[in-house]
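Take any residue in the sequence shown, note its place counting from 1, add 531, and you have its number in UniProt numbering.
Glycine included, C-beta positions come from ideal geometry on N, C-alpha and C.
Encoded as structure tokens, the structure appears first; notes follow it.
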Amino acid sequence: DADRLARRRDDVVAQVQEHYYAQPPRIERGWRHHLIDVDGRAYLDMVNNVAILGHGEPRLAHAVDAQMRRLNTNSRFHYGAIVELSERLASLAPDGLDTVMLVNSGSEAVDLALRIVRAVTGREDVLALTEAYHGWTIGADAVSTSLGDNPRALDTRPSWVHLLDAPNTYRGTHRGDDAHLYLPDALDRIAALDDAGVSLAGFIAEPLFGNGGGIALPDGYLAGVWAAIRARGGLCISDEVQVSYGRLGRHFWGFEQQGAVPDVITVAKAMGNGHPLGAVITSREVADAFAVEGSFFSSAGGSPVSCVVGTAVLDILESDGLQDNARVVGERLANGLRALAGAHPALGAVHGMGLYLGVEVVAGGPDAPDSAGAREICDALLDQGVIVQPTGDHKNVLKIKPPMTIDDAAVDRFLAALDRVLTWREA
Ligand code: PMP
Numbered sequence: 532d533a534d535r536l537a538r539r540r541d542d543v544v545a546q547v548q549e550h551y552y553a554q555p556p557r558i559e560r561g562w563r564h565h566l567i568d569v570d571g572r573a574y575l576d577m578v579n580n581v582a583i584l585g586h587g588e589p590r591l592a593h594a595v596d597a598q599m600r601r602l603n604t605n606s607r608f609h610y611g612a613i614v615e616l617s618e619r620l621a622s623l624a625p626d627g628l629d630t631v632m633l634v635n636s637g638s639e640a641v642d643l644a645l646r647i648v649r650a651v652t653g654r655e656d657v658l659a660l661t662e663a664y665h666g667w668t669i670g671a672d673a674v675s676t677s678l679g680d681n682p683r684a685l686d687t688r689p690s691w692v693h694l695l696d697a698p699n700t701y702r703g704t705h706r707g708d709d710a711h712l713y714l715p716d717a718l719d720r721i722a723a724l725d726d727a728g729v730s731l732a733g734f735i736a737e738p739l740f741g742n743g744g745g746i747a748l749p750d751g752y753l754a755g756v757w758a759a760i761r762a763r764g765g766l767c768i769s770d771e772v773q774v775s776y777g778r779l780g781r782h783f784w785g786f787e788q789q790g791a792v793p794d795v796i797t798v799a800k801a802m803g804n805g806h807p808l809g810a811v812i813t814s815r816e817v818a819d820a821f822a823v824e825g826s827f828f829s830s831a832g833g834s835p836v837s838c839v840v841g842t843a844v845l846d847i848l849e850s851d852g853l854q855d856n857a858r859v860v861g862e863r864l865a866n867g868l869r870a871l872a873g874a875h876p877a878l879g880a881v882h883g884m885g886l887y888l889g890v891e892v893v894a895g896g897p898d899a900p901d902s903a904g905a906r907e908i909c910d911a912l913l914d915q916g917v918i919v920q921p922t923g924d925h926k927n928v929l930k931i932k933p934p935m936t937i938d939d940a941a942v943d944r945f946l947a948a949l950d951r952v953l954t955w956r957e958a
């Protein structure tokens with residue numbers, strides 16, 4: 532029974548990773564944007580930015596099954612699937628970013644990207660933002676600064692990682708109309724690193740804060756910082772693990788929202804819809820320079836099965852018009868959330884775009900993030916059959932990133948449930 536299974540899990544599965552809930556529902560199946568527990572109860576999955584096509588997608592299952600039966604091997608062999616997926620990714624990336632390396636996760640993509648910028652420039656030091664999460668492997672962890680994930684993140688940072696203050700336009704030092712001040716601050720900080728004799732190999736950032744619930748960077752921020760990094764011979768990494776694949780609605784890639792093009796793209800999550808799959812996309816010039824300075828091989832990265840999954844995900848995303856759906860349904864969702872924020876003082880702001888949204892739970896304003904309140908709302912929503920989780924340095928931002936299959940009816944159900952929960956809390 533459920534209790535026995537929980538005990539067996541506690542005995543054998545490491546507890547370093549926290550669960551979403553104190554009493555997590557026991558999920559047995561998924562169907563589109565729904566998860567179904569062992570008792571047959573359906574939950575609306577509002578937090579899954581991996582399964583963009585939804586759960587239990589039969590066309591994807593068929594592609595895996597057929598390829599697994601035919602051939603699965605590693606990329607030291609030649610086979611069509613790796614060429615097809617790589618060509619597809621290169622055609623989606625901006626001109627000049629046409630060379631692909633395939634891995635199995637976002638952390639691996641970030642680690643590889645860090646190795647590439649360091650090997651190609653012959654430098655060690657890397658610049659990153661505070662309030663960021665980039666993964667769990669040693670390199671990705673080093674540039675992960677989000678205190679929500681690791682309260683000691685800033686103390687345990689290795690000496691080769693340098694930081695810019697997150698240009699948080701809601702809660703940061705230059706909030707609201709002062710957001711334009713973040714870029715000159717960043718340029719001053721980079722100049723101070725010059726004075727200290729630090730030569731940067733590169734800069735890594737997400738073009739919208741995933742950790743903060745999708746807060747957009749100030750206009751022109753990435754273009755300005757990237758120009759300063761490049762002027763010094765460094766390379767710019769856009770971590771697209773969360774923001775890409777059309778989730779923003781208007782853009783396939785997150786950096787498009789900033790009107791700037793990176794030197795290196797990292798991507799994963801949505802790429803395999805849950806199958807382990809990630810990639811680094813860069814220029815031929817950078818990839819060739821890395822081939823001289825470093826080496827790379829991944830036993831399962833770029834396997835025929837992974838590549839067939841990657842291509843099928845893009846086929847389904849395109850044929851089902853899911854990026855357009857993210858834009859249209861995302862607007863309905865954001866408008867509904869803004870209306871709720873107007874009616875309920877616990878909701879301080881709605882961040883993000885498309886189906887990449889975050890809602891601030893506050894006790895008064897930006898300087899009073901309410902993590903206990905956010906937890907309470909998430910637990911009450913579970914009772915309403917809705918799965919949402921808090922994120923951010925203060926764990927007070929409701930992370931709203933449903934599968935891109937979500938429709939008007941599900942959005943309205945979610946908004947009604949959130950409205951009910953907030954009304955109860957106020958009573
Ligand atoms: N980069 C970003 C922006 C992420 O959000 C994550 C995962 N949350 C990662 C990298 C790491 O990806 P993975 O969990 O697949 O290793």
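For the ligand PMP, any of its heavy atoms closer than 7 Å to the Cβ of residue i?
i      : result
Lys932 : no
His665 : yes
Glu549 : no
Glu737 : yes
Gly799 : Here residue 799 is Ala; the residue named in the question, Gly, does not match the sequence. Answer for Ala799: yes, Cβ within range of the ligand PMP.
Ala671 : yes
Gly637 : yes
Val811 : no
Gln920 : no
Gln773 : yes
Asp924 : no
Gly832 : no
Asp642 : no
Gly741 : yes
Can you tell which of the options has its C-alpha closest to the C-alpha of residue i?
i      : options                        : result
Trp691 : Arg683, Asn681, Val674         : Val674
Gly841 : Leu853, Val569, Ala612, Ala759 : Ala612
Ala872 : Asp680, Leu913, Gln788, Asp950 : Asp950
Ala941 : Ala582, Val928, Ile918         : Ile918
His593 : Gly653, Pro556, Ala843         : Ala843
Phe945 : Ala958, Met935, Gln920, Gln915 : Gln915
Gly825 : Thr700, Gly587, Thr652         : Thr652
Ile669 : Ala684, Arg720, Gly679, Glu862 : Ala684
Val581 : Asn742, Pro934, Asp901         : Pro934
Val952 : Lys932, Asp924, Met599, Val892 : Val892
Tyr887 : Ile583, Gly764, Arg540         : Ile583
Arg906 : Ala553, Val544, Gly728, Ala644 : Ala553
Ile760 : Ala671, Phe828, Arg654         : Arg654
Ala947 : His693, Gly867, Val648, Ala533 : Gly867
Arg869 : Gly889, Asp851, Gly852         : Gly889
Val817 : Gly765, Thr604, Val798         : Gly765
Lys932 : Asn742, Ala758, Val578         : Val578
Arg956 : Leu878, Gly885, Gly896         : Leu878
Gly780 : Val798, Glu849, Leu853         : Leu853
Val860 : Ala880, Gly885, Val756         : Gly885
Gln773 : Arg763, Gly744, Ala754         : Gly744
Leu848 : Met802, Pro876, Ala865, Ala874 : Met802
Asp819 : Pro555, Ile647, Val544, His586 : Ile647
Ala533 : Gly637, Pro555, Val657, Thr797 : Pro555
Asn742 : Ala644, Gly587, Thr922, Asp626 : Thr922
Ala758 : Tyr776, Thr936, Ile721         : Ile721
Just grab the DSSP bridge partners of residue i for me.
i      : result
Arg746 : Rather than Arg, the amino acid found at residue 746 in this sequence is Ile. Beta-bridge pairing links Ile746 to Phe740.
Pro921 : Leu929
Ser769 : Ala736, Ile796
Ile567 : Arg560, Ala573
Ile812 : Val631, Ile796
Asp656 : Leu731
Gly883 : Leu888
Pro900 : Val893
His693 : Leu658
Asn603 : In DSSP, Asn603 forms no bridge with anything.
His806 : Asn804
Leu878 : Val892
His586 : Arg563
Tell me whether residue i counts as near the ligand FAD, meaning its Cβ is closer than 7 Å to at least one heavy atom of that ligand.
i      : result
Asp770 : Absence of the ligand FAD is noted for the structure shown, with the ligand PMP being the only ligands found.
**Prompt:** So, do the region 573 to 586 and the region 828 to 838 have three or more beta carbon pairs nearer to each other than 8 Å?
**Reply:** Taking a cut-off of 8 Å for Cβ pairs, the region 573 to 586 and the region 828 to 838 do not touch, as fewer than three such pairs fall below it.
**Asked** Just checking, does the region 729 to 745 make contact with the region 902 to 914 on the three C-beta pairs under 8 Å criterion?
**Response** The way I'd put it, the region 729 to 745 doesn't touch the region 902 to 914; fewer than three beta-carbon pairs between them come closer than 8 Å.
**Asked** Three or more beta-carbon pairs under 8 Å between the region 803 to 817 and the region 632 to 641, yes or no?
**Response** yes
**Asked** Touching or not, the region 734 to 751 and the region 699 to 715, by the rule of three or more beta carbon pairs under 8 Å?
**Response** yes
**Request:** Check whether the region 654 to 671 touches the region 688 to 706, taking contact to mean three or more Cβ pairs, one atom from each stretch, closer than 8 Å.
**Result:** yes
**Message:** Between the region 784 to 795 and the region 761 to 770, can you find at least three pairs of beta-carbon atoms closer than 8 Å?
**Reply:** The answer is yes - the region 784 to 795 touches the region 761 to 770, with three or more Cβ pairs under 8 Å.
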